[in-house]
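Worksheet for the structure shown next.
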Amino acid sequence: MEEYFLEKIQNFTILPRRFGLKGGKIHLFGCAKSGKTSIALDFAQKFKNPIYIDCNDPRINVDNAKSTLLKYYLEKKIDILIVDNFFANFTLPKLENIILISRSKNICLPNDFLSKQIYPLSFEEYISFDRRNLSINTLFNHFLKDGNLPEMQYLSEYQKISRKQEINSLVFGNNVDLFKNIISYQSRKITINQLYMQIKKQLRISKDKIYSFIDEIQSNGMIYLLSHMDDFKKPKKIYFYDFSISYAFCADKSFQAIFENMVFLELLSRYKAIHYTDNYDFITEENHVFACIPFPDQRIIEEKIRKSQVKHSKTTIITINYDIEGKTNDINWRAVSFMNFALEDS
Numbered sequence: 001m002e003e004y005f006l007e008k009i010q011n012f013t014i015l016p017r018r019f020g021l022k023g024g025k026i027h028l029f030g031c032a033k034s035g036k037t038s039i040a041l042d043f044a045q046k047f048k049n050p051i052y053i054d055c056n057d058p059r060i061n062v063d064n065a066k067s068t069l070l071k072y073y074l075e076k077k078i079d080i081l082i083v084d085n086f087f088a089n090f091t092l093p094k095l096e097n098i099i100l101i102s103r104s105k106n107i108c109l110p111n112d113f114l115s116k117q118i119y120p121l122s123f124e125e126y127i128s129f130d131r132r133n134l135s136i137n138t139l140f141n142h143f144l145k146d147g148n149l150p151e152m153q154y155l156s157e158y159q160k161i162s163r164k165q166e167i168n169s170l171v172f173g174n175n176v177d178l179f180k181n182i183i184s185y186q187s188r189k190i191t192i193n194q195l196y197m198q199i200k201k202q203l204r205i206s207k208d209k210i211y212s213f214i215d216e217i218q219s220n221g222m223i224y225l226l227s228h229m230d231d232f233k234k235p236k237k238i239y240f241y242d243f244s245i246s247y248a249f250c251a252d253k254s255f256q257a258i259f260e261n262m263v264f265l266e267l268l269s270r271y272k273a274i275h276y277t278d279n280y281d282f283i284t285e286e287n288h289v290f291a292c293i294p295f296p297d298q299r300i301i302e303e304k305i306r307k308s309q310v311k312h313s314k315t316t317i318i319t320i321n322y323d324i325e326g327k328t329n330d331i332n333w334r335a336v337s338f339m340n341f342a343l344e345d346s
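The opening position of the sequence shown corresponds to residue 1 in full-length UniProt numbering, with each subsequent residue numbered one higher.
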């Protein structure tokens with residue numbers, strides 16, 4: 001049993017992330033392959049007697065593992081415990097440092113655990129993973145095409161699409177066709193009922209099924225439904241954990257939708273509250289609005305500003321490679337490339 005507890009820790013390779021852990025009792029949750037386990041194992045290397053257990057490992061009898069953990073605890077042979085794929089009735093020893101890992105935030109936890117959502121890589125983190133000394137422009141091109149899952153940089157080109165398909169097939173099982181149908185609505189405004197009415201033309205599905213499925217994948221960060229700033233009853237905009245996911249599942253892809261999803265995830269790593277407005281793609285709690293226009297010129301931007309006719313604290317246009325500042329109708333605005341925006345201090 002001990003060899004299974006130590007196996008993953010001893011063979012672990014550190015991958016740098018933007019933030020670290022401070023210890024204590026922590027619950028890490030989030031979408032599949034976002035790096036939850038890597039972050040926990042990285043932190044565990046600071047301890048003398050770490051133990052890692054994956055409750056989904058078929059080699060491990062969970063009841064026997066609980067007994068062994070209790071024995072280690074009583075013999076003081078453990079100073080941090082990591083429980084991957086944690087479930088509610090797993091008995092925990094009274095340790096100071098415990099990390100629980102799950103996909104969903106909606107699991108029953110002891111009261112003294114702090115939950116932390118783990119997202120896939122930001123662009124800043126993505127370039128820190130580079131081991132080939134690629135140029136920043138090359139890295140951005142790879143990021144835009146390959147997406148933000150940590151393992152993608154270490155796969156050969158021919159492996160990337162099939163790996164994404166494999167991940168989602170494993171995560172969703174019999175619901176993978178339902179998830180694939182939802183992907184076609186990336187970055188679009190739609191209600192769940194409208195989604196149901198469209199998808200039932202392709203799949204035999206009940207309304208209750210799609211509502212429960214959407215709730216489930218929202219809880220684990222596989223999908224985000226963005227509300228209107230002033231009216232929560234308006235259709236939601238749909239974004240995905242991996243902005244490039246349509247490359248793996250859709251024959252017809254929208255570059256605008258992919259780019260907008262990429263910007264959304266970057267903003268999600270910076271701001272606590274994000275919504276959309278009638279005139280802009282995103283607005284933050286500080287009344288900072290963002291528009292995603294991959295290939296603008298000054299005329300296009302000025303038309304956008306004039307059409308909005310609303311003054312906000314800040315107005316930013318996110319582009320692929322266009323940087324300029326201006327003033328239109330007494331509104332100061334800035335156009336900035338995604339690379340510069342993602343790498344500047346937030």
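All C-beta atoms, glycine included, are put in the ideal place defined by N, C-alpha and C.
(message) Using 8 Å as the cut-off, can you tell me whether the region 259-266 makes contact with the region 156-176, which would need three or more C-beta pairs spanning the two stretches below that distance?
(response) Between the region 259-266 and the region 156-176, the count of C-beta pairs closer than 8 Å stays below three; the two stretches do not touch.
(message) Buried or exposed for ASN97, going by 16 or more other Cβ atoms inside 10 Å?
(response) Counting every other CB atom within 10 Å of its CB across the protein chains shown gives ASN97 a total of 16 or more, marking it as buried.
(request) Measure the Cβ-Cβ separation of TYR126 and ASN106 and say whether it is below 8 Å. (result) If you check the CB distance, TYR126 and ASN106 do not come in under 8 Å.
(message) So for ALA251, helix, strand or coil by DSSP?
(response) In the structure shown, ALA251 sits in coil (DSSP, three-state: anything other than H, G, I, E or B).
(message) Going by DSSP, what residue range makes up the alpha helix (DSSP H) through HIS142?
(response) HIS142: member of the alpha helix (DSSP H) spanning 136-146, first to last residue.
(message) I'd like to confirm the pairing. Which residues does DSSP put opposite ARG334 in its beta bridges?
(response) Under DSSP, the beta-bridge partners assigned to ARG334 are THR316 and GLU325.
(message) For a test of the three-state rule: what should DSSP assign to PHE282, helix, strand or coil?
(response) If DSSP states are grouped into helix, strand and coil, PHE282 belongs with the strands.
(message) According to DSSP, simplified to helix, strand and coil, what is TYR185?
(response) The answer is coil: DSSP assigns TYR185 none of H, G, I, E or B.
(request) Just confirm the distance between the C-beta atoms of PHE29 and CYS55, as a whole number of angstroms; I'd bet it's less than 8 Å. (result) Not confirmed; about 14 Å, so no contact.
(message) Is the separation between the beta-carbon of TYR322 and that of ALA342 shorter than 8 Å?
(response) No, Cβ-Cβ distance for TYR322 and ALA342 is not below 8 Å.
(message) If we define contact as Cβ-Cβ less than 8 Å, is LYS201 a contact residue for chain D?
(response) Absent here is chain D; the protein component of the structure consists of one chain.
(request) Take every Cβ of the region 239-250, pair it with every Cβ of the region 302-316, and state whether three or more of those distances are shorter than 8 Å. (result) Touching, no.
(request) Report yes if the CB atom of ILE53 is closer than 8 Å to the CB atom of VAL83, and no otherwise. (result) With a cutoff of 8 Å on beta-carbon distance, ILE53 and VAL83 are scored as near each other.
(message) I'd like to know whether the C-beta atoms of GLY221 and TYR241 end up nearer to each other than 8 Å.
(response) Yes, the pair counts as a contact, with Cβ atoms nearer than the cut-off.
(request) Tell me whether GLN186 is buried or exposed, calling it buried when 16 or more other Cβ atoms sit within 10 Å of its Cβ. (result) Counting C-beta atoms within 10 angstroms of its own C-beta, GLN186 has 16 or more neighbours from the protein chains shown and is therefore classed as buried.
(message) Out of CYS292, GLU216, ILE190 and LYS307, which one is the CA nearest neighbour of THR316?
(response) Comparing alpha carbon positions, the residue from CYS292, GLU216, ILE190 and LYS307 closest to THR316 is CYS292.
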